[in-house]
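Enquirer: Residues 1251 to 1447, numbered by the numbering used here, are exactly what the sequence shown covers, in order.
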Amino acid sequence: MDYFNKGEAEKQAAFAAKRDLIFRPLVRFLARKGVTPTAISLVGVLFASFAVAMPAALWEVAAGGFLLYVLMDAVDGPLARQTRADSHGGSLVDIFADQFGVVLVALGAIWWLDASILANVMFAFFYSHTIYLMVICNLLLVPMPYVLRVKYLYFIVYICSLYAQSNLPINIFAIIFLAYYLVYFVILFRQVLKRKP
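#1: So what's tyrosine 1396 in DSSP terms, helix, strand or just coil?
#2: Does the separation of the CB atoms of tyrosine 1413 and alanine 1359 fall below 8 Å?
#3: What three-state label does DSSP hand valine 1285 in the structure shown?
#4: Under 7 Å Cβ to Cβ from alanine 1281, same chain only, skipping five residues before and after it: list those, please.
#5: Which class does phenylalanine 1376 belong to by DSSP, given the choice of helix, strand or coil?
#6: Answer yes if the region 1342-1360 comes into contact with the region 1373-1389, meaning at least three C-beta pairs across the two stretches below 8 Å, and no otherwise.
#7: For serine 1291, which option in Met1304, Leu1390, Gly1339 and Leu1403 has the closest C-alpha, if you only look at C-alpha atoms?
#8: Name the residue from Tyr1430, Tyr1319 and Tyr1382 whose alpha carbon lies nearest to the alpha carbon of phenylalanine 1212.
#9: Is the Cβ-Cβ distance between tyrosine 1431 and threonine 1380 less than 8 Å?
#10: Go ahead and pull the three-state DSSP assignment for aspartate 1344.
#11: Output yes or no for whether 8 Å exceeds the beta carbon distance between methionine 1304 and valine 1311.
#12: Could you tell me the alpha carbon to alpha carbon distance between arginine 1274 and lysine 1444, rounded to whole angstroms?
#13: Are the beta-carbon atoms belonging to valine 1442 and isoleucine 1386 less than 8 Å from one another?
#14: I'd like to check one pair, alanine 1335 with proline 1287: are the Cβ atoms closer than 8 Å?
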């Protein structure tokens, strides 16, 4: 269960193999300690929550929290494969944890930077729902186009906005990619509706 089209899936599999190799010692250590992939995903959400709880003056601490969140995101999948605990339920938790980070950043931008509520909330909504539609397309075997994933870029822009203590970068980003994901949300939604049972 994923949100990659056919061409991307092959590249993602090659990337995952390299990533698994890099994190193999850590993954084996966690597996020996009985840590579950779901626990790692949830710890990642806690790190992201910690990151967005940091005010602009502590942007370095926020950046560290996001790095730990990304590390958890990189480890949960390999841990699931190592422990043979991969399942549809686990995949859903992983996807939820991935997209929840975007929602948290939108809230952090609104709280700490007085960023546009409309632009950031709508961006987070259409980004996450486009991802969910991509999962549905894969489950229904509906072909889909290549769609950019800008989650990590959003995090970087957020940290830069904290550093600059300005909501301008995050607002511009949110407006541009709100429009982008709105278009792809409509395209994918129509693809799903057109699929015959």
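Glycine included, C-beta positions come from ideal geometry on N, C-alpha and C.
It should be emphasised that the depicted structure is a prediction, and the values quoted were computed from it without experimental measurement.
Expert: In this structure, then:
#1: It is coil, neither helix nor strand.
#2: No. Outside cutoff.
#3: DSSP places valine 1285 in coil when its eight states are reduced to three.
#4: Here the set comprises Leu1329, Gln1332 and Thr1333.
#5: Per DSSP, reduced to three states, the secondary structure at phenylalanine 1376 is helical.
#6: By the Cβ rule, the region 1373-1389 counts as touching the region 1342-1360, because three or more pairs are nearer than 8 Å.
#7: That would be Gly1339, whose Cα lies nearest to the Cα of serine 1291.
#8: No statement about residue 1212 is possible, as the shown extent of the chain runs from 1251 to 1447 and does not include it.
#9: With respect to threonine 1380, tyrosine 1431 sits close: the two C-beta atoms are nearer than 8 Å.
#10: Under the three-state reduction of DSSP, aspartate 1344 is assigned to helix.
#11: Yes. Within cutoff.
#12: Distance between the alpha carbons of arginine 1274 and lysine 1444: 43 Å.
#13: Yes; because the gap between Cβ atoms is below 8 Å, this pair is in contact.
#14: Yes, they are a contact pair.
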